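Trainee: Using our numbering, read the sequence shown as starting at 133 and increasing by one per residue. Just so it is clear, CB atoms sit at the ideal spot from N, CA and C, and this is done for glycine as well. The model shown is predicted, which means the values in this text are computed figures rather than measured ones.
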Amino acid sequence: VQLQASGGGVVQAGESMRLSCAASKGTFSIIAMGWFRQAPGNERELVARIRSNNSTTYGDSVQARFNISMDKAKNTAHLQMNNLKPEDTAVYYCNALIATPGFQAVWGQGTQVTVSS
133 VQLQASGGGV VQAGESMRLS CAASKGTFSI IAMGWFRQAP GNERELVARI RSNNSTTYGD
193 SVQARFNISM DKAKNTAHLQ MNNLKPEDTA VYYCNALIAT PGFQAVWGQG TQVTVSS
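1. Please report the distance separating the alpha-carbon of Trp-239 from that of Thr-246.
2. Is Thr-232 near the ligand ZN, judged by its Cβ being under 7 Å from some heavy atom?
3. Would you identify the three-state DSSP class for Ala-231, choosing helix, strand or coil?
4. The beta strand (DSSP E) that contains Asn-199, what's its start and end?
5. Could you work out which residue in Thr-243, Gly-139, Ala-155 and Gly-146 is closest to Ala-205 when comparing CA atoms only?
6. Distance, Cα to Cα, Gln-236 vs Gly-140?
7. Which residue or residues does DSSP assign as beta-bridge partners of Ser-152?
8. Could you pull the start and end residues of the beta strand (DSSP E) that Phe-160 belongs to?
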């Protein structure tokens, strides 16, 4: 299984950006998909996660500003980030928990998000 992330770049504070993460097709089931981020000097932290039943979890700092959704037909998760703040600047990593049938966590390549003030 491979994850292909897209989006990212540089925006100004208050603007929006969308990240997408597409999982390759295969004989597996997606349990959950999500995004983590890591800023220099910080630990990797959860941004948002969506499960196959469409339940979601958000990090406290992004609650009410970010929205995660999943297109199950395309094995793709989208992260809509609104009202971006400079503290959102980080490398964002896509993650998927799959069943093959054993559980496996898969990571995509990181994508840089930079929010200028």
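Mentor: Walking through what the data contain:
1. 21 Å
2. With respect to the ligand ZN, the structure offers nothing, as it holds no ligand at all.
3. strand
4. 198–203
5. Ala-155
6. 26 Å
7. Ser-138 and His-210
8. Counting along the chain, Phe-160 falls outside any beta strand (DSSP E), and DSSP gives it neither H nor E.
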